[in-house]
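Residue numbering for the sequence shown follows UniProt numbering, beginning at 1 and increasing consecutively. Note that the Cβ used here is the ideal one computed from N, Cα and C, for glycine as well. Beneath this line is the structure, given in structure tokens, with notes to follow.
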Amino acid sequence: MALLDDIVKGNPVTAIGIGAAVIAVPVLFPSLRPQWAVAMKGAAKLFLEAEDGAEGDIIDSLARKAVDQLVDAIAHHEPERRHATAAAVIANYRHRAQARADRFGYGEKDRAARFDRHMAHLRHKVLRRHSRASDEEKARWVHVAEMISEG
């Protein structure tokens with residue numbers, strides 16, 4: 001476990017050692033190449049699945065926080081203030097989603113897909129909140145959902 005902690009925390013000596021082992025094993029032991037290839041593919045798949053799971057949790061957390069802020073915004077009785085606060089929350093979420101997509105996206109398509117995933121998650125959370133809202137609040141949540149879709 002300490003080895004994993006060293007890699008995660010960015011110990012360059014450990015990372016270089018593991019990288020050298022990854023390269024050296026198939027060269028030093030040619031008979032192990034097929035098994036080594038299978039092991040490396042499995043490790044890569046595991047890493048990518050873990051990354052997707054972590055990203056899903058982060059997106060969920062960001063969307064949950066935005067919906068909590070939208071709940072506070074919808075509680076305002078003044079329509080202008082309610083609209084302005086909701087617009088600010090959505091703009092902030094959209095900015096964070098775009099920043100995360102730009103930072104972690106591998107290309108233009110991946111960045112767009114990541115951004116769309118963020119926005120779809122927020123829309124989903126807002127629609128769930130709409131389904132549980134009182135009759136008075138339902139129209140407000142519909143308006144919020146429209147604001148998200150407009151962007």
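- Per DSSP, the unbroken alpha helix (DSSP H) holding Phe-115 starts and ends at 108-132.
- The shortest C-alpha to C-alpha distance from Arg-123 to any of Asp-60, Glu-78 and Gly-53 is the one to Asp-60.
- Annotation for Phe-115: Ala-97, Gln-98 and Ala-101 place their beta carbon closer than 7 Å to its own, counting only its chain and skipping 5 residues before and after.
- The alpha-carbon separation between Thr-85 and Ser-149 amounts to approximately 17 Å.
- Inter-residue distance for Pro-26 and Ile-18 is about 13 Å (C-alpha atoms, whole angstroms).
- Around the Cβ of Tyr-106, a 10 Å sphere holds fewer than 16 other Cβ atoms; the residue is exposed.
- Per the C-alpha coordinates, the member of Ile-16, Ala-145 and Arg-140 positioned closest to Glu-80 is Arg-140.
- Assigned with DSSP and collapsed to three states, His-76 falls in coil, not helix or strand.
- Its chain contains no residue whose beta carbon lies nearer than 7 Å to that of Ala-20 once the 5 sequence neighbours on both sides are disregarded.
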